[in-house]
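Protein chains in written order, with this note's numbering: chain A, 1098 to 1261; chain B, 1098 to 1261.
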């Protein structure tokens, strides 16, 4: 089970958009060039972020995207769910109902909760989402600023500003 | 991002094999009938469990499968990874190296750890696996015995024993 590559791209794009000056926009073309990914595919990831209300775009020659919310108000989970959706990684298809020993009354039992297997799987899905929800884009910017050599961080910032 | 249906089937099959008498085996056909799933597809899930050393099979007319380890020694994670593999749900393709501002020295920097984005994604993957690792097949059997009406639990047990 693997996340789409677009999740990786979307997270990197958000981390770059987080560094734009207020009211600055960055074009899909620039984001694609900076990350070395195909513009056409990246467009879909950006569209997903836009549909989720995480980024906002303008059209025209100087058009592009910027974050729609403060970096402290966007979590990793927001970005992952924008691309992958929020449906659980585990789908219970209710195969216990196929048990030839189960009567109609067993299956229709109103008190019957979700299957014990589904409960465990959903709990693990929740643990994954909770972990993603605990890290905000503002935390990521702090990590990147610590990790990336100061000179590269500065040059990248200048490259972005020249295109924003 | 969704797990294969085979994960659901494999977990249900393990929960049933956990109720077999010592040295009893249950045929793929019986497991398929009990869960109402296609025998041919279920065979692949069982083969994956066998390859992972979780169940063991015998051939012949009375052939089938049984657990290869005690129920307290098989976790949800074991079953999920038998079917889905143990590779992380997030693959870092290293797109930060495509940054046109990065020099060869930046990219080759020996001190450079994994990307901050990958670290967060891998931590969430670990939270998911830790949650799955925390529940054993023996815990599941206890939950099922509490959840399932006593009469249905007994009839299902008899159905299985008659075919083991």
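Where a beta carbon is used, it is the ideal one built from N, C-alpha and C, also for glycine. The structure presented is a predicted model; accordingly, all values stated were derived computationally and were not measured.
Delimiting residues of the alpha helix (DSSP H) encompassing residue i
| i | result |
| --- | --- |
| residue 1139 of chain A | 1136-1148 |
| residue 1220 of chain B | 1213-1230 |
| residue 1130 of chain B | 1125-1132 |
| residue 1251 of chain B | 1247-1258 |
| residue 1188 of chain A | Premise fails: residue 1188 of chain A is in no alpha helix (DSSP H) and is neither H nor E. |
| residue 1203 of chain A | 1201-1205 |
| residue 1105 of chain B | 1102-1114 |
Residue range of the unbroken beta strand (DSSP E) whose run includes residue i
| i | result |
| --- | --- |
| residue 1154 of chain B | 1152-1155 |
Residue i: contacting residues in chain B (beta-carbon distance under 7 angstroms)
| i | result |
| --- | --- |
| residue 1198 of chain A | 1249, 1252, 1253, 1256 |
| residue 1148 of chain A | Those within 7 angstroms of residue 1148 of chain A in chain B number zero; the least Cβ separation is about 18 angstroms. |
| residue 1262 of chain A | No statement about residue 1262 of chain A is possible, as the shown extent of chain A runs from 1098 to 1261 and does not include it. |
| residue 1137 of chain A | Within 7 angstroms Cβ-Cβ: nothing; residue 1137 of chain A doesn't reach chain B, min ~16 angstroms. |
Within chain B, partners of residue i - CB distance below 9 angstroms
| i | result |
| --- | --- |
| residue 1099 of chain A | 1098, 1184, 1185, 1186, 1187, 1188 |
| residue 1133 of chain A | 1192, 1194, 1195, 1196, 1197 |
Nearest-angstrom Cβ-Cβ length linking residue i and residue j, presumed shorter than 8 angstroms
| i | j | result |
| --- | --- | --- |
| residue 1122 of chain A | residue 1163 of chain A | 5 angstroms |
| residue 1107 of chain B | residue 1180 of chain B | 5 angstroms |
| residue 1153 of chain A | residue 1139 of chain A | About 17 angstroms; that fails the 8 angstroms criterion. |
| residue 1232 of chain B | residue 1173 of chain B | 5 angstroms |
| residue 1254 of chain B | residue 1161 of chain B | The Cβ separation is near 16 angstroms, so there is no contact. |
| residue 1099 of chain B | residue 1186 of chain A | 6 angstroms |
| residue 1176 of chain B | residue 1111 of chain B | 6 angstroms |
| residue 1155 of chain A | residue 1235 of chain A | With a Cβ gap of about 24 angstroms, residue 1155 of chain A and residue 1235 of chain A do not count as contacting. |
| residue 1244 of chain B | residue 1213 of chain A | 5 angstroms |
| residue 1225 of chain A | residue 1127 of chain B | Their Cβ separation, rounded to whole angstroms, is 34 angstroms, which puts residue 1225 of chain A and residue 1127 of chain B out of contact at 8 angstroms. |
| residue 1118 of chain B | residue 1261 of chain B | 7 angstroms |
| residue 1203 of chain B | residue 1237 of chain A | So it is not a contact: roughly 19 angstroms between Cβ atoms. |
| residue 1103 of chain B | residue 1149 of chain B | Not quite, the Cβ-Cβ distance comes to about 13 angstroms (not below 8 angstroms), so this is no contact. |
Residue-chain proximity (residue i, chain C), Cβ-Cβ < 8 angstroms
| i | result |
| --- | --- |
| residue 1213 of chain A | Any reference to chain C falls outside this structure, whose protein chains are A and B. |
Partners in chain A for residue i, counting only beta-carbon separations shorter than 7 angstroms
| i | result |
| --- | --- |
| residue 1220 of chain B | 1228 |
| residue 1102 of chain B | 1190 |
| residue 1179 of chain B | Under the 7 angstroms cutoff, chain A gives no residues; its nearest Cβ is about 13 angstroms from residue 1179 of chain B. |
| residue 1241 of chain B | 1213 |
| residue 1130 of chain B | 1197 |
| residue 1108 of chain B | 1214 |
Identity of the residues DSSP links to residue i by a beta bridge
| i | result |
| --- | --- |
| residue 1161 of chain A | A:1155 |
| residue 1172 of chain A | A:1233 |
Under 8 angstroms from the C-beta of residue i: neighbouring residues of chain A
| i | result |
| --- | --- |
| residue 1246 of chain B | 1203, 1206 |
| residue 1224 of chain B | 1224, 1225, 1227, 1228 |
9 angstroms Cβ cut-off: residues of chain A touching residue i
| i | result |
| --- | --- |
| residue 1237 of chain B | 1213, 1214, 1217 |
| residue 1112 of chain B | 1213, 1214 |
Per-residue contacts from residue i into chain B (C-beta, under 8 angstroms)
| i | result |
| --- | --- |
| residue 1210 of chain A | 1244 |
I'd like to know if the segment 1196-1213 of chain A and the segment 1188-1197 of chain B are in contact, where contact means that at least 3 CB-CB pairs between them fall below 8 angstroms. No, because fewer than three Cβ pairs between the segment 1196-1213 of chain A and the segment 1188-1197 of chain B fall closer than 8 angstroms, the two stretches do not touch.
Report yes or no: do the segment 1213-1231 of chain A and the segment 1214-1233 of chain B share at least 3 C-beta pairs separated by less than 8 angstroms? Here the segment 1213-1231 of chain A makes contact with the segment 1214-1233 of chain B; the two share three or more CB pairs at distances below 8 angstroms.
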